[in-house]
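Each residue of the sequence shown is one higher than the one before, counting from 316 in this note's numbering. Don't be surprised by glycine CBs; every beta carbon is placed ideally from N, CA and C. Predicted, not measured: the structure shown is a model, and the values here were computed from it. Take a look at the structure set out below.
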Amino acid sequence: MIKSKSDYLRYLEQDRLSLNVKGGLKDWLTHDIWHFQKALRKLEYYKNTSSNIVTKSYALYLQFRVRKLGRNLGFSIPANVFGPGLSIAHAGTIVVNGRCKIGANCRVHVCVNIGGGLSKRANPPVIGDDCYIGPGAKIYGDITIGNNVAVGANAVVNKSFGDNLTVGGIPAKLITDQGPLDILKKSRVNLNLDRSQ
């Protein structure tokens, strides 16, 4: 959670790197997701650190701005849910419960829904660091997903999973004991071997 100016700047930088934003004129003109994420992080900063009527009013303005940008892109993502390094892959429907806690370096694709259970009092999911959430995934209920977990496309996750896994299916089940970081590391090693031959 952003609690200081240094946190705010760190989150912004991690998000920029995750989105591979170079910062040029092209990104400024065309990268709508980056504009949304910058506004979201600014909202989090002011919402969490406001101490007077002026900054609280500005936080309220930012809340409306984030909501408007989100509607244009199809996002319903509230403040203080994602850790640093958020990477939203595409514009399109993404709905996240405001009480979810999702760790650092999460990559989220289109048509993802992360929410509570059948009752409003049900706890929403807690998701660890370095997770990949594939297109169309539905994650719901009082569950915990560990670090370095890939959730496959269109998976329905309604039970907890540990660390360093890939899950998929309806309902989700274990696919492999390798998470997204393991798969990336393996593909980089194979790429380097191919180049050396």
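Please state if the CB of residue j and the CB of residue i are separated by a distance shorter than 8 Å.
i      : j      : result
GLY407 : VAL425 : yes
GLY483 : ALA470 : yes
PHE351 : LEU327 : no
CYS446 : ILE460 : yes
LEU334 : ILE392 : no
VAL427 : ILE442 : no
LEU489 : LEU480 : yes
ILE458 : PRO440 : yes
GLN378 : LEU358 : yes
ASN363 : LYS318 : yes
VAL464 : ILE454 : no
May I ask you to report which of helix, strand or coil DSSP gives residue i?
i      : result
ASN473 : coil
LYS318 : coil
LYS453 : strand
LYS488 : strand
ILE458 : coil
GLN329 : helix
GLY494 : coil
Can you give me the Cβ contacts of residue i inside the same chain, cut-off strictly under 7 Å, excluding the 5 residues immediately before and after it?
i      : result
PHE397 : ILE417, CYS421
ASN507 : Low local confidence applies: a pLDDT of 47 at ASN507 is under 50, so the model's placement there is unreliable, with the coordinate-based value given in what follows. Cβ neighbours of ASN507 beyond the five flanking positions: none.
GLY477 : GLY461
Please report the Cβ distance between residue i and residue j, rounded to the nearest whole angstrom; I am assuming they are in contact, meaning their Cβ atoms lie under 8 Å.
i      : j      : result
ALA468 : GLY451 : 6 Å
ASP444 : ASN473 : 22 Å between Cβ atoms; not a contact.
GLY431 : ASN412 : 5 Å
Short of 8 Å in beta carbon distance, which residues of its chain neighbour residue i, apart from the five on each side in sequence? Order them along the chain.
i      : result
GLY338 : ARG331
TYR373 : TYR361, SER365
MET316 : ASP322, GLU359, ASN363, ASN395
ILE498 : ALA465, THR481
Within its chain, find whatever has a CB closer than 6 Å to the CB of residue i; leave out the 5 residues flanking it on each side and keep chain order.
i      : result
ASN403 : A small correction: the amino acid at residue 403 is Ile; Asn does not occupy that position in the sequence shown. Taken in chain order, the residues that qualify are ILE348, VAL423.
VAL369 : none
PHE390 : ILE409
Practice prompt. Could you tell me which uninterrupted alpha helix (DSSP H) segments, each at least 4 residues in length, are contained entirely in the stretch 351-435, listed from first to last along the chain?
Written response: 368-388
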